[in-house]
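Heads up: take any position in the sequence shown, counting from 1, add 6, and you land on my numbering.
Glycine is no exception: its CB is placed at the ideal position from the N, C-alpha and C atoms.
Since the model is a prediction, treat every value here as computed from it, not as a measurement.
Read through the structure below, which is laid out as structure tokens, and then see the notes.
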Amino acid sequence: MSQRIYLSSPHMGSLERGFVDDAFTSNWIAPLGPHVDAFQTEFAHCVGAPHALALSSGTAALHLALQLLGVSPGDEVLVSTLTFSATVNPIRYLGASPVFIDSERTSWNMDPALLSEELEARARRGRLPRAVVVVHLYGQSADLDPILAACDRYGVPLVEDAAEALGSTYKGRVPGTLGRAGIYSFNGNKIITTSSGGMLVSPDEGLVRHALKLSTQARDPAPHYEHSEIGYNYRLSNVLAAIGRGQLRVLEDRVAARRRNYEFYARALAGVPGLTFMPEAPWGRHTRWLTTLTIDPARFGADREAVRVALERENIEARPVWKPMHLQPVFAAFERRGGGVAEELFQNGLCLPSGSNLTPDDLARVVEVMKAVPHRSRR
Ligand SMILES: *Cc1c(COP(=O)(O)O)cnc(C)c1O
Numbered sequence: 007m008s009q010r011i012y013l014s015s016p017h018m019g020s021l022e023r024g025f026v027d028d029a030f031t032s033n034w035i036a037p038l039g040p041h042v043d044a045f046q047t048e049f050a051h052c053v054g055a056p057h058a059l060a061l062s063s064g065t066a067a068l069h070l071a072l073q074l075l076g077v078s079p080g081d082e083v084l085v086s087t088l089t090f091s092a093t094v095n096p097i098r099y100l101g102a103s104p105v106f107i108d109s110e111r112t113s114w115n116m117d118p119a120l121l122s123e124e125l126e127a128r129a130r131r132g133r134l135p136r137a138v139v140v141v142h143l144y145g146q147s148a149d150l151d152p153i154l155a156a157c158d159r160y161g162v163p164l165v166e167d168a169a170e171a172l173g174s175t176y177k178g179r180v181p182g183t184l185g186r187a188g189i190y191s192f193n194g195n196k197i198i199t200t201s202s203g204g205m206l207v208s209p210d211e212g213l214v215r216h217a218l219k220l221s222t223q224a225r226d227p228a229p230h231y232e233h234s235e236i237g238y239n240y241r242l243s244n245v246l247a248a249i250g251r252g253q254l255r256v257l258e259d260r261v262a263a264r265r266r267n268y269e270f271y272a273r274a275l276a277g278v279p280g281l282t283f284m285p286e287a288p289w290g291r292h293t294r295w296l297t298t299l300t301i302d303p304a305r306f307g308a309d310r311e312a313v314r315v316a317l318e319r320e321n322i323e324a325r326p327v328w329k330p331m332h333l334q335p336v337f338a339a340f341e342r343r344g345g346g347v348a349e350e351l352f353q354n355g356l357c358l359p360s361g362s363n364l365t366p367d368d369l370a371r372v373v374e375v376m377k378a379v380p381h382r383s384r385r
């Protein structure tokens, strides 16, 4: 059996081990420490955010952001339906209800027109949501200007889930830094990784300071242990932050490598009928964190699942596009506006192996299997 090709595996650079060695040498094997401080500063500089807080995961960052924007039991939060469940779970941790918004076809992200309609309808009923969470999927920014304008019109804060979109741009600006709060993830499959970890950024220094307190069990300033609110254990370890510092230095290389993967696939599969790659919207740089495409079964001669299974049989990992949250049993009871676009993208969408450490041979293997699928299914 040939070696397994993964969807997106960790890719260390040359500096991570040195930073980790330093953490060991100095015995800072703690949730806190100089690498955490430096990682925050360097990350804030990298994305151009005034304040950044390193946390144990992107999910933890989202949880704290929503709590600090006042999301409470009985509230509603408008959120992209085409995403990973980690975007929505923190809304439920806080006892609030998600309201799912469909995607547009240009970037596959939240449709600003639908968001605007939903906000207007809720304003008329006198029932505005506590927050909006927009997701930047697969390495590409949502159309942020009309989304920000709609949120501003009704005074609803925007939280950006940029877990998948570090390295992307929006009209020369950085997704994740344009709302009231933004979050990033350094999980093992993301464009850079600390094995697990996340970052919260915000222009609001008070929000980030309060998030720091909540993330360290909400200790009040006192020599003894004094608590006046409920806290969490959400801080990033100094060892993992050391990995992050090395990873941050190769971010641009990782973006370039993932874009090259996409270009290889697009060129090699250009003549094949029925395959359409996720578009790159005119407003910015798509990192192609994952190369994704839709498969029209009538024109291609096989459906998405047949392709995925054929790849798996050759020890190649590919995954369906996210199953929309409004179709998930756990969220089925909540309201939504639209959903047909996300459903279609799920039905026909496939994510191809996209790691920055794939070799030309790996990519050629994927293409070869894909090209053979329609012939095999016709036999
Ligand atoms: C990975 C991911 C998260 C969660 O990040 P973790 O660090 O794994 O908690 C949130 N939202 C999206 C869209 C993601 O892809």
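| Check | Outcome |
| --- | --- |
| Any non-hydrogen atom of ligand 1 within 7 Å of V141 CB | yes |
| Heavy atom of ligand 1 within 7 Å of A4 beta-carbon | Shown here, the chain extends from 7 to 385; a query on residue 4 therefore has no answer. |
| Under 8 Å between C-beta atoms of G182 and E166 | yes |
| Bridge-paired residues (DSSP) for R241 | L61 |
| Sequence-distant residues of its chain with Cβ nearer than 6 Å to L59 (five each side left out) | L206, V214, A217, L218 |
| Contact set for L74: own chain, Cβ-Cβ below 7 Å, skip 5 residues either direction | L213, H216, A217 |
| 6 Å Cβ shell around P37 - same chain, five flanking residues per side excluded | R241, S243 |
| Cβ distance (whole Å) where V83 is taken to contact P135 below 8 Å | 6 Å |
| Backbone secondary structure at R385 - three-state DSSP | Note that R385 has pLDDT 49, beneath the 50 cutoff, so the model's placement of it is unreliable and the number below is only indicative. Looking at R385 - three-state DSSP - the assignment turns out to be coil, as it is neither helix nor strand. |
| Continuous alpha helix (DSSP H) assignments of at least 4 residues falling wholly in the stretch 319-370 | 346-354 |
| Cross-strand partners of I189 (DSSP beta bridge) | D167, L206 |
| G64 Cβ short of 7 Å to ligand 1 heavy atom set | yes |
| Alpha-carbon to alpha-carbon, L164 and T284 | Per the sequence shown, residue 284 should be read as Met rather than Thr. Distance between the alpha carbons of M284 and L164: 25 Å. |
| Start and end residues, alpha helix (DSSP H) containing L121 | 118-130 |
| Local conformation of T300 per DSSP, three classes | strand |
| R385 classed as buried or exposed, judged by whether at least 16 other C-beta atoms fall within 10 angstroms | Interpretation of R385 is limited by its pLDDT of 49, a score under 50 that renders its predicted location unreliable; the figure taken from the coordinates is listed afterwards. Counting Cβ neighbours within 10 Å, R385 comes out exposed, since fewer than 16 surround it. |
| Alpha helix (DSSP H) runs contained entirely in the stretch 253-289, provided each spans 4 or more residues | 257-274 |
| Cβ-based burial, V336 [other Cβ within 10 Å; buried from 16] | exposed |
| C-beta atoms of G145 and R294 nearer than 8 Å | yes |
| G204 CB to nearest heavy atom of ligand 1 below 7 Å | yes |
| C-alpha gap between D27 and G252, whole angstroms | 12 Å |
| C-beta contact flag for W114 and L317 at 8 Å | no |
| Proximity test, E318 beta-carbon vs ligand 1 heavy atom, cut-off 7 Å | no |
| F352 Cβ short of 7 Å to ligand 2 heavy atom set | In the structure on display, ligand 2 does not appear, and the ligands it does have are ligand 1. |
| Test item: CB-CB of A312 and V379 under 8 Å | yes |
| Per-residue DSSP class, three states only, for S221 | helix |
| Distance CB(I107)-CB(R343) smaller than 8 Å | yes |
| C-alpha gap between D259 and R179, whole angstroms | 19 Å |
| CB-CB length for D158 against P118, believed under 8 Å | At roughly 12 Å, the Cβ-Cβ gap does not stay under 8 Å, so D158 and P118 are not in contact. |
| Identified DSSP bridge partners for Y176 | R179 |
| Heavy atom of ligand 1 within 7 Å of E166 beta-carbon | no |
| Beta-ladder partner(s) of V140, from DSSP | E166 |
| DSSP state of F106 mapped onto helix, strand, coil | strand |
| Among Y190, R131, G132, nearest to S147 - alpha-carbon criterion | Y190 |
| Reference G361, options S78, G194, A339, closest by Cα | G194 |
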